[in-house]
Amino acid sequence: MQAIAKELRRDVVQTIYTGGSGHPGGSLSEMDILVTLYFHVMRHDPANPRWPDRDRLILSKGHASAGLYAVLAKAGYFPKAELPTFRKLNSRLQGHAHPMTPGVEMNSGSLGMGLSFALGCALAARLDKRRYNVYALLGDGECDEGQVWEAAMAAAHHRATNLVAIVDRNRIQNDRTTDEVMKLEPLAMKWRAFGWRVLETNGHDYTALISTLERASQRQGRPTAIIAHTVKGKGVSFMENNPSFHGKAPSAQELEKALQELA
Amino acid sequence: MVSKRPNASTRETYGKTLLEMAGEFPDIVVLGGDLNVSVFTHLWRDKHPDRFFDFGPAEQNLVGVSAGLAASGKIPFVSTFAVFGTGRPFDQLRVLVAQPHLNVKLVCTHAGLLTGEDGMSAQGIEDLALTCSLPGFTVVSPADSPETAQVIRAAAVTPGPFYVRLSRAATPVVHGPGYRFNLGCAETMRDGSDVAILATGVMVSVSLDAAELLAQQGINARVINVHTLKPLDEEAVVSAARDAGAVVTAEEHYIHGGLGSIVSQVLGQKRPVPVEMVALEGYAESAPAQELMVKYGLTPQRVADAAQRAIKRKG
Chain P
46 MQAIAKELRR
56 DVVQTIYTGG
66 SGHPGGSLSE
76 MDILVTLYFH
86 VMRHDPANPR
96 WPDRDRLILS
106 KGHASAGLYA
116 VLAKAGYFPK
126 AELPTFRKLN
136 SRLQGHAHPM
146 TPGVEMNSGS
156 LGMGLSFALG
166 CALAARLDKR
176 RYNVYALLGD
186 GECDEGQVWE
196 AAMAAAHHRA
206 TNLVAIVDRN
216 RIQNDRTTDE
226 VMKLEPLAMK
236 WRAFGWRVLE
246 TNGHDYTALI
256 STLERASQRQ
266 GRPTAIIAHT
276 VKGKGVSFME
286 NNPSFHGKAP
296 SAQELEKALQ
306 ELA
Chain Z
219 MVSKRPNAST
229 RETYGKTLLE
239 MAGEFPDIVV
249 LGGDLNVSVF
259 THLWRDKHPD
269 RFFDFGPAEQ
279 NLVGVSAGLA
289 ASGKIPFVST
299 FAVFGTGRPF
309 DQLRVLVAQP
319 HLNVKLVCTH
329 AGLLTGEDGM
339 SAQGIEDLAL
349 TCSLPGFTVV
359 SPADSPETAQ
369 VIRAAAVTPG
379 PFYVRLSRAA
389 TPVVHGPGYR
399 FNLGCAETMR
409 DGSDVAILAT
419 GVMVSVSLDA
429 AELLAQQGIN
439 ARVINVHTLK
449 PLDEEAVVSA
459 ARDAGAVVTA
469 EEHYIHGGLG
479 SIVSQVLGQK
489 RPVPVEMVAL
499 EGYAESAPAQ
509 ELMVKYGLTP
519 QRVADAAQRA
529 IKRKG
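Sequences listed follow chains P and Z, in order. If you use the working numbering, the first sequence corresponds to residues 46 to 308, in order. If you use the working numbering, the second sequence corresponds to residues 219 to 533, in order.
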């Protein structure tokens with residue numbers, strides 16, 4: 046999976062470079078989480094994206110679409126040859142993830158909405174007596190949104206045991222660090238106080254990610270929140286922990302350097 | 219409401235109709251925000267607790283969850299007051315419901331001035347403007363209780379986002395038992411060719427009374443129930459303008475973005491005629507509903523006055 050992740054990180058920087066804009070920082074920080082989900086944890090069928098029993102990944106931090114597109118293409122939801130159409134006219138690969146892309150569950154681009162949508166999917170599983178799990182991937186800056194906590198309260202109240210929220214805790218949001226913009230800590234205690242089981246993991250260590258996600262998939266009467274400690278821009282030295290690469294495409298020279306580092 | 223017609227509650231009709239539909243539509247689930255007794259979905263809650271979810275007064279999440287349920291094949295009926303269902307979660311309606319065109323049914327009560335004593339914050343006078351601004355939404359403002367029952371059924375079988383506007387106060391019944399609601403087709407309730415009054419919601423009853431006043435002066439007014447604001451029955455609007463040469467719009471909604479705006483947009487492009495609008499000019503206040511209707515000009519006399527003005531402006 047590390048090899049896959051390296052390849053997909055190359056796809057991310059290449060896709061955003063070709064698209065001329067996009068969000069490399071969060072697409073790189075989330076990559077190992079997505080690779081673990083799509084290539085190890087989730088039950089899904091790229092040939093049948095609407096398979097009713099599929100596990101679902103809801104990308105709430107929809108600006109990190111380039112990361113998800115790289116993963117979906119690799120998994121076979123659509124040809125990898127489409128990645129260069131990202132953000133271009135007549136493309137299925139929208140700037141923020143939209144369900145017109147095979148494999149994308151939810152429209153996105155306004156933060157804080159994905160956990161509610163995921164809860165709806167999770168409750169539908171109960172109504173239909175299906176066994177699937179729903180994973181909502183949230184940014185840490187996104188947790189500033191009040192709706193996240195409305196959904197957190199509701200998921201615990203309605204005992205959505207098949208719901209897993211994963212917070213990509215890369216500690217940097219659009220402008221600056223999360224500590225500077227809006228203090229989140231104690232983040233784990235917040236989720237616990239809202240009635241969730243909380244697990245923490247290194248979001249780049251596959252052994253830890255697999256064991257944490259497998260634990261999260263064992264239902265325990267409560268929804269599960271995973272705080273995945275990550276590095277913004279992971280894998281590209283000059284993007285790592287650099288807020289200026291939250292929402293900026295690399296230059297040609299930067300792309301070349303990034304691809305060398307990810308070779 | 220003061221009228222010679224008997225009053226009936228559209229929100230009670232909503233709750234009862236939904237309950238009747240439970241067996242026929244196994245995919246319907248009902249979502250509420252701690253106002254379920256007021257919107258009459260407590261009837262469903264008590265009979266079908268497994269298909270009912272309360273989210274408290276947290277409407278961003280309420281709409282968000284409904285989108286997830288709709289994307290999973292359910293038909294969610296989401297109900298709260300108009301201000302809390304259209305204003306508070308507008309961005310969720312836009313991003314999670316309208317843009318992916320999901321099958322969410324938003325049925326809101328306590329719209330407009332008829333909300334009465336709770337005052338301006340509770341009186342949703344912008345809900346039609348908000349929902350009509352969302353591409354792909356069907357927007358219906360029923361005239362009375364019998365129409366409401368059929369609108370709710372239409373909502374269940376019409377794919378895509380659907381908004382229904384209901385009142386707190388019981389409103390005059392303008393339809394007989396044989397009435398057949400036809401989504402998207404405006405209903406001519408009274409024929410006439412001196413002026414056409416296009417009304418929606420409770421203003422249909424008010425406009426029928428206005429037509430009586432006009433008849434006493436020898437003016438024959440056509441009264442059209444524009445229950446479906448979106449998609450608008452443009453043919454009915456244009457032919458009314460063509461036949462009468464002057465149009466009045468009547469709505470219990472803010473003058474911007476509702477029926478008057480929508481009708482004027484169509485007529486400006488397709489059949490320019492004088493248009494007078496009876497609508498709210500701004501926010502109101504706390505008072506019994508009927509007193510508000512009088513103070514803020516939503517009366518048969520004011521509609522008749524508007525008709526006279528429109529007729530005078532004919533070329």
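Idealized CB from N, CA, C, for every residue including glycine.
- In the assembly as shown, residue 188 of chain P is a buried residue. Its beta-carbon has 16 or more other beta-carbons within 10 Å.
- Per the DSSP secondary-structure output, residue 345 of chain Z pairs with nothing in a beta bridge.
- Residue state for residue 390 of chain Z is assigned as strand, using DSSP reduced to three classes.
- Non-local C-beta neighbours of residue 438 of chain Z in its own chain, meaning closer than 7 Å and more than five positions away in sequence, comprise 410, 411, 412, ordered along the chain.
- When Cβ-Cβ separations below 8 Å define contact, residue 301 of chain Z makes no contact with chain P.
- In this structure residue 214 of chain P touches residue 185 of chain P by the C-beta definition: roughly 5 Å separates them, less than 8 Å.
- When CB distances to chain Z are screened at a threshold of 8 Å, the residues of the stretch 125-151 of chain P falling below it are 143, 144, 150, 151, in chain order.
- Contact annotation: residue 85 of chain P and residue 46 of chain P have beta-carbon atoms nearer than 8 Å.
- One alpha carbon belongs to residue 275 of chain P, the other to residue 260 of chain P, and they sit about 19 Å apart.
- Two segments are said to touch when three or more pairs of C-beta atoms, one from each, lie closer than 8 Å; by this definition the stretch 68-78 of chain P does not touch the stretch 123-131 of chain P.
- If you draw a straight line from the Cα of residue 51 of chain P to the Cα of residue 288 of chain Z, it comes to about 36 Å.
- Apart from sequence neighbours up to five positions away, the residues of its chain that approach residue 368 of chain Z with a beta-carbon distance below 7 Å are 399, ordered along the chain.
- Under a criterion of Cβ atoms nearer than 8 Å, the residues of chain P adjacent to residue 269 of chain Z are, in order, 172.
- Those residues of the stretch 229-246 of chain Z placed with their C-beta closer than 7 Å to a C-beta in chain P do not exist.
- Taking 8 Å as the cut-off, the beta carbon of residue 356 of chain Z is found no closer than this to the beta carbon of residue 326 of chain Z.
- Take residue 527 of chain Z, set aside five residues on each side of it, and the residues of its chain with a beta-carbon closer than 7 Å to its own are 494, in chain order.
- For residue 161 of chain P, the CB contacts under 8 Å within the same chain, skipping 5 residues up- and downstream, are 192, 195, 196, 199 in chain order.
- For the stretch 326-358 of chain Z, the set of positions with a beta-carbon nearer than 9 Å to some beta-carbon of chain P is empty.
- Counted as a single uninterrupted DSSP element, the beta strand (DSSP E) harbouring residue 243 of chain P occupies residues 242-247.
- Legend: CB atoms of the stretch 251-278 of chain Z lying less than 8 Å from CB atoms of chain P belong to residues 268, 269, 271, 273, 274, 276, 278.
- The alpha-carbon separation between residue 228 of chain Z and residue 366 of chain Z amounts to approximately 6 Å.
- In terms of Cα proximity to residue 293 of chain Z, the closest of Z/430, Z/364, Z/323 is Z/323.
- Its chain contains 348 as the residues whose beta carbon lies nearer than 7 Å to that of residue 308 of chain Z, once the 5 sequence neighbours on both sides are disregarded; these appear in chain order.
- At a Cβ-Cβ threshold of 8 Å, residue 209 of chain P and residue 101 of chain P do not count as neighbours.
- At a cut-off of 8 Å between C-beta atoms, residue 287 of chain Z counts as an interface residue with respect to chain P.
- Here residue 141 of chain P is actually not in contact with residue 219 of chain P; their C-beta atoms are around 14 Å apart, not less than 8 Å.
- Of the residues Z/462, Z/230, Z/378, the one whose Cα lies closest to the Cα of residue 328 of chain Z is Z/230.
- Around residue 291 of chain Z, the beta-carbon contacts reaching into chain P at under 9 Å are 97, 169, 173.
- Taking all protein chains in view, the Cβ of residue 134 of chain P is surrounded by fewer than 16 other Cβ atoms within 10 Å, so the residue is classified as exposed.
- Against residue 164 of chain P, the close residues of chain Z are 283, 286, in the order they occur along the chain (beta-carbon pairs closer than 7 Å).
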